[in-house]
Amino acid sequence: MSRLIVKGLPSYLSDARLREHFAQKGHVTDVKLMRRPDGTSRRFGFVGFRTEEEAAAACDYFDRTYLDTSRLSVSIAKRIGDDDLVAHKERARTRAKAPTEAKPTRAKASEKSASFEEFLAVMAPRTKRKTWQHNEDLDHTNTSAALPAADSAVADDPAVEAPAAKKPKRAAEAAPAPAVAPSDGAAMDEALSDLEYMRRRMRHKVAGGEEPPSVFEQSDSDASAASEAEDEDEDEGPAAQQRHAQLAEQQRRDEENVDTIMASGRLFVRNLPYSATEDELERFFQTYGPVEQVHIPLDAQTKASKGLAFVKFHDAAHALLAFRGRDGAIFQGRLLHVLPAVSLAPKPTHPATLKQKRLDAKKALAGKDFNWSMLYMNSDAVANSISDRMGVDKATLLGTETDSQVSPAVRLALAETRVIQETKQFFAEQGIQLDAFEHVKARADDIILVKNLPYGTSGEEIRALFSRYGDVGRVLIPPANTMAVVEMPVVGEARAAFRALAYKRFRDSVLYLEKAPAGFLPPRDAASSHETISGVQGKTAPDSSRALRQVDEAPVAADATLYIKNLSFATTPERLTEAFHTLDGFLFARVQTKPDPRQPGRRLSMGYGFAGFASLAQAQQAQQKMDGDVLDGHTLSVSFARRGHDADDAAPVKAPTSKMLVKNVPFEATRKDLRELFGVHGQLKSVRLPKQVHGRTRGFAFVEFVSRREAEHAMSALRHTHLLGRHLVLEWAGDADGTASVDELRDKTRKAYVSEAERSALVGQRAKLRLGAEQVAEAVAQQKARDDDDDDSDA
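Just remember that the working numbering sits 7 ahead of the position in the sequence shown, which is counted from 1.
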């Protein structure tokens with residue numbers, strides 16, 4: 008738990024003083040001093056911290072310490088509904104209901120005082136007593152000895168009264184009441200039995216006769232008991248009815264809450280820390296089920312959180328579980344108050360055409376994964392960009408089938424490849440390495456990739472388009488002006504812009520929006536947080552990213568990226584680059600950041616970063632040298648980064664073979680088109696385009712280069728290219744395409760033959776013909792020759 012209970016506080020302590028005292032060991036999110044109705048302190052309170060680690064450290068540090076002159080008792084607070092708290096309340100309720108036979112306070116005090124005075128009188132020495140007390144004690148002894156005889160005499164003669172003893176006032180109060188029977192004529196009553204007579208004469212209270220003896224009558228006691236029971240029933244009747252009414256009202260409210268949650272699947276959360284982010288709240292609630300959306304309203308002026316949030320689940324049943332489990336739970340030191348939330352107000356429905364319905368369906372799925380690549384570009388914009396910079400028209404650029412041996416589709420694909428290379432170079436100059444984000448699944452809500460832009464779009468137009476929905480930070484536009492990157496510091500405003508502008512018509516095109524990978528943009532200072540960078544204007548890249556300009560000539564080797572932990576939150580990317588740039592093979596250094604929820608426009612360090620090197624050996628040397636080094640007062644922990652096994656990410660690093668598998672090939676594409684497209688990047692050994700029985704292609708192809716280096720270059724250049732409107736998916740060819748080596752085929756055939764022969768021998772069947780190794784090799788060679796003949800016939 009991230010909430011502490013502090014006992015033993017001074018009665019004059021204020022909330023601000025308590026917050027200041029505990030802020031020494033962490034970020035305090037909540038302070039609450041418990042007070043009585045009259046405003047006086049109850050000398051205990053609660054302190055909430057942002058994380059459980061901070062709360063535990065503060066508990067260990069402040070427990071049994073002093074605040075002024077008061078000794079504090081600090082412990083972890085228990086959540087509402089804890090089993091220990093429930094058991095404690097049950098025990099207290101049981102003790103309250105238990106009958107007590109306590110004497111009145113005054114009677115106890117007088118009895119205790121009289122007994123104590125008698126004890127002092129007895130234990131006092133005779134020399135300190137009054138001289139007349141000796142005679143009084145003697146008379147008291149004689150009177151006590153004569154009591155049994157006097158009892159019998161008084162019983163015989165009720166007219167005789169016992170003489171009253173002369174005693175001091177204190178002695179009279181401490182002495183027991185005389186056992187003189189009242190003159191009620193019981194001794195002369197012949198109808199009275201001996202047992203009843205003795206019962207009347209019994210002393211009902213031996214020590215101290217405050218209570219007079221009561222006459223035992225069965226009928227009277229039964230009647231009084233019955234009357235008391237009736238009075239209790241009359242008194243408890245209205246209270247019981249009130250309790251029943253309260254239970255019925257509570258049950259009705261519970262049913263309304265359940266109906267509301269099952270209809271909307273949304274929750275309204277109050278008392279949130281102002282520093283809490285939507286991602287943290289989503290992780291807190293997703294233990295009950297997938298969360299569809301988390302929205303924290305912000306103040307329109309300060310852009311700060313209001314301490315409220317709306318959480319929507321994919322399934323309403325999960326929302327109901329979260330409502331029952333998270334109401335009153337501790338989140339970052341605060342007690343959450345969870346309430347049902349109604350559904351969003353339905354938008355006015357108007358008769359829509361089929362085209363509008365399809366567009367609405369696309370907008371609803373805008374936040375999902377996309378079918379195009381990160382660098383998707385409009386083909387017409389690519390052609391306009393190349394033709395404008397080369398000074399020729401598009402007709403001359405693309406040509407026709409008769410004018411050139413290269414088809415227009417291949418020409419356009421090659422032009423797109425050229426534009427993509429320029430775009431990657433531009434992003435590298437800005438400190439962004441696109442290949443490092445191919446395998447990143449997490450998305451940043453505050454950075455938007457704007458694709459399918461028409462050629463000639465300026466940064467001012469993009470900024471004006473997005474500024475209608477909030478504050479716009481950096482805007483990056485590559486030299487080709489075919490796409491853009493927009494940063495919006497406030498996450499809520501970025502989401503609103505994304506929903507409004509997805510698939511929106513812009514000029515003569517339609518905008519395709521995609522959320523950028525997490526950590527896509529490097530951190531910037533406040534001066535450059537709202538600048539527009541365009542590749543056409545030729546802006547100079549920052550010093551920290553100049554090493555990335557040679558990214559194509561010296562790509563990061565496989566597993567040559569280092570993961571740096573325990574960075575100081577004050578360490579900047581420039582400072583990290585300065586610490587690593589003297590090492591051999593250094594390429595880049597990056598500090599992972601996140602948006603600052605309290606100060607929009609700024610980014611906070613996440614305490615770790617990455618450093619890339621040209622080779623694995625150089626990365627190992629850097630890891631051994633920098634591990635344990637001190638940077639800005641923090642001891643660095645350097646290890647090798649673990650990357651995903653995505654095929655796109657592993658492609659440009661190392662080629663396991665010189666043959667690649669090309670998927671999503673258009674059915675209109677021919678073997679000649681593939682040769683022209685891939686032949687630009689290296690010398691081809693073979694191109695195979697499998698076909699179906701009726702002659703139509705099967706949508707994939709195999710391309711083999713002479714060397715692996717050429718295959719790597721082609722993979723890196725064409726991995727984002729489109730051919731006839733289809734994105735070519737490139738992978739390294741494996742055994743599945745039937746291109747295994749001769750030795751592998753020989754071993755596979757031998758294993759299959761042996762197992763078949765053994766199985767035939769066991770069941771008594773005729774064994775197949777045994778083939779030697781040379782015969783198997785000859786059969787494989789003949790099959791490959793037939794495949795080559797088929798490829799030549801397709802050409």
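Heads up, the beta-carbon is just placed ideally off N, CA and C, and yes, glycines get one too.
Practice problem: Helix, strand or coil for Leu462, going by three-state DSSP, please let me know. | Solution: Looking at the sequence itself, residue 462 is Tyr, so the reference to Leu does not match. The answer is coil: DSSP assigns Tyr462 none of H, G, I, E or B.
Quiz prompt | Length of the line joining the Cα atoms of Phe56 and Met633 | solution = Near 34 Å, if we compare the C-alpha coordinates of Met633 and Phe56.
Practice problem: Have a look at Ala326 and Glu287 and give me their C-alpha separation to the nearest angstrom. | Solution: The alpha-carbon of Ala326 is positioned some 17 Å away from that of Glu287.
Quiz prompt | Rounded straight-line distance, which links the Cα of Phe51 to that of Ala471 | solution = Between Ala471 and Phe51, the alpha-carbon positions lie close to 55 Å from each other.
Self-check item: Euclidean distance between Cα positions of Ser159 and Ala198
Solution: Low confidence applies to Ser159: its pLDDT is 43, below 50, so where it sits in the model is not reliable, and the reading given next is rough at best. Using only the alpha carbons, I get a separation of about 20 Å.
Quiz item: Where does Glu738 sit, in a helix, a strand or coil, going by DSSP?
Solution: Looking at Glu738 - three-state DSSP - the assignment turns out to be strand.
Practice problem: Could you tell me which of Phe617, Arg609, His588 sits nearest to Gln599, measuring between CA atoms? | Solution: When each option's Cα is compared against that of Gln599, the closest is Phe617.
Practice problem: With DSSP as the reference, label Asp478 as helix, strand or coil. | Solution: Three-state DSSP puts Asp478 in coil, outside helix and strand.
Practice problem: Specify, as a first and last residue, the run of the alpha helix (DSSP H) that Glu521 falls within. | Solution: Boundaries for Glu521: no alpha helix (DSSP H) harbours it, while the beta strand (DSSP E) harbouring it runs 519-524, taken from the DSSP string.
Quiz item: Could you give the distance in angstroms between the alpha-carbon of Gly244 and the alpha-carbon of Ala94?
Solution: So the two alpha carbons sit approximately 29 Å from each other.
Practice problem: Measure the C-alpha to C-alpha separation of Ser551 and Tyr570 and round it to an integer number of angstroms. | Solution: In this predicted model, Ser551 has a pLDDT of only 37, less than 50, meaning its place in the structure is not dependable enough to derive any value.
Quiz item: Which residues mark the beginning and the end of the beta strand (DSSP E) in which Val276 is found?
Solution: Taken as a continuous stretch (DSSP letters only), the beta strand (DSSP E) holding Val276 covers 273-277.
Quiz prompt | Residue of Thr677, Met495, His588 minimising C-alpha distance to Val310 | solution = Rather than Val, the amino acid found at residue 310 in this sequence is Lys. Measuring from the Cα of Lys310, the nearest candidate turns out to be Met495.
Quiz item: Buried or exposed: where does Leu453 fall if 16 or more other Cβ atoms within 10 Å of its Cβ makes it buried?
Solution: One detail in the question is off: residue 453 reads as Asp in this sequence, not Leu. Answer is buried; the Cβ neighbour count reaches 16.
Exercise. Write down the C-beta distance between Lys96 and Ala65 rounded to the nearest angstrom, noting that I regard them as a contact closer than 8 Å.
Key: The beta-carbon distance between Lys96 and Ala65, rounded to whole angstroms, is 28 Å. This is too long to meet the 8 Å contact definition.
Quiz prompt | Which residues DSSP lists as bridging Phe56, in chain order | solution = Here Phe56 is bridged, per DSSP, to Val35.
Practice problem: Give me the Cα-Cα distance between Ala270 and Leu315, rounded to the nearest whole angstrom. | Solution: Looking at the two C-alpha atoms, the distance is approximately 21 Å.
Quiz item: Based on the DSSP secondary-structure assignment, which residues constitute the bridge partners of Ser702?
Solution: Contrary to the premise, residue 702 reads as Gly rather than Ser in this sequence. Note: Gly702 sits in no beta bridge, so no partner.
Quiz item: Should Thr677 be counted as a contact of the ligand FMN given a C-beta to heavy atom distance under 8 Å?
Solution: Here there are no bound small molecules, and the ligand FMN is not part of this structure.
Quiz prompt | Residue from Val492, Ala525, Phe473, Met205 whose Cα sits closest to the Cα of Ala507 | solution = Of Val492, Ala525, Phe473, Met205, the residue nearest in Cα terms is Phe473.
Quiz item: Would you call the CB atoms of Ala740 and Phe712 closer than 9 Å?
Solution: No, the Cβ-Cβ distance between Ala740 and Phe712 is not below 9 Å.
Practice problem: Pick helix, strand or coil for Leu691, following the three-state DSSP scheme. | Solution: Residue state, collapsed to three classes: strand.
Practice problem: Compute the Euclidean distance between the alpha carbons of His734 and Lys431, then round it to the nearest angstrom. | Solution: His734 and Lys431 have their C-alpha atoms some 17 Å from each other.
Quiz item: Gln300 lies in the beta strand (DSSP E); which residues open and close that run?
Solution: Its beta strand (DSSP E) spans residues 298-302.
Quiz item: Three or more C-beta pairs closer than 8 Å, one from the region 296-305 and one from the region 278-286: is that the case here?
Solution: Segments in contact, yes.
Exercise. Let me know the secondary structure DSSP gives Thr309 once reduced to three states.
Key: It is coil, neither helix nor strand.
Quiz prompt | Of the listed residues Gly689, His727, Asp261, Glu683, nearest to Lys670 (C-alpha basis) | solution = Selected option, being the one with the closest Cα: His727.
Exercise. State the DSSP-derived secondary structure class of Lys14, mapped to helix, strand or coil.
Key: Note: Lys14 maps to strand in three-state DSSP.
Exercise. Note down the Cα distance separating Asp322 from Ala336, rounded to an integer number of angstroms.
Key: Between the C-alpha atoms of Asp322 and Ala336 there is a straight-line separation of about 21 Å.
Quiz item: Starting from Ala348 and walking both ways along the alpha helix (DSSP H), at which residues does that stretch end?
Solution: Not the alpha helix (DSSP H): Ala348 falls in the beta strand (DSSP E), residues 344-348.
Quiz item: So, using beta-carbon positions, are Val479 and Val492 closer together than 9 Å?
Solution: No.
Exercise. Kindly list the residues whose CB is nearer than 7 Å to the CB of Lys601, restricted to its own chain and excluding five residues on each side of it in sequence; keep chain order.
Key: Beyond the five residues adjoining it in sequence on each side, Lys601 comes within less than 7 Å, by CB distance, of Arg610, Leu611, Met613 in the same chain, given in chain order.
Quiz item: From the DSSP output, which residues share a beta bridge with Lys666?
Solution: Lys666 is bridged by DSSP to Glu711.
Quiz item: The alpha helix (DSSP H) spanning Ile439 covers which residue range?
Solution: Where Ile439 is concerned, there is no enclosing alpha helix (DSSP H), given that its DSSP letter is neither H nor E.
Quiz prompt | Those runs of the beta strand (DSSP E) which lie wholly inside the region 42-89 and span at least 3 residues | solution = Entirely contained in the region 42-89, the beta strand (DSSP E) runs reaching 3 residues are, in chain order, 48-56, 80-83.
Quiz item: Using the C-alpha atoms, what's the distance from Ser48 back to Pro17?
Solution: Whole-angstrom Cα-Cα distance: 8 Å.
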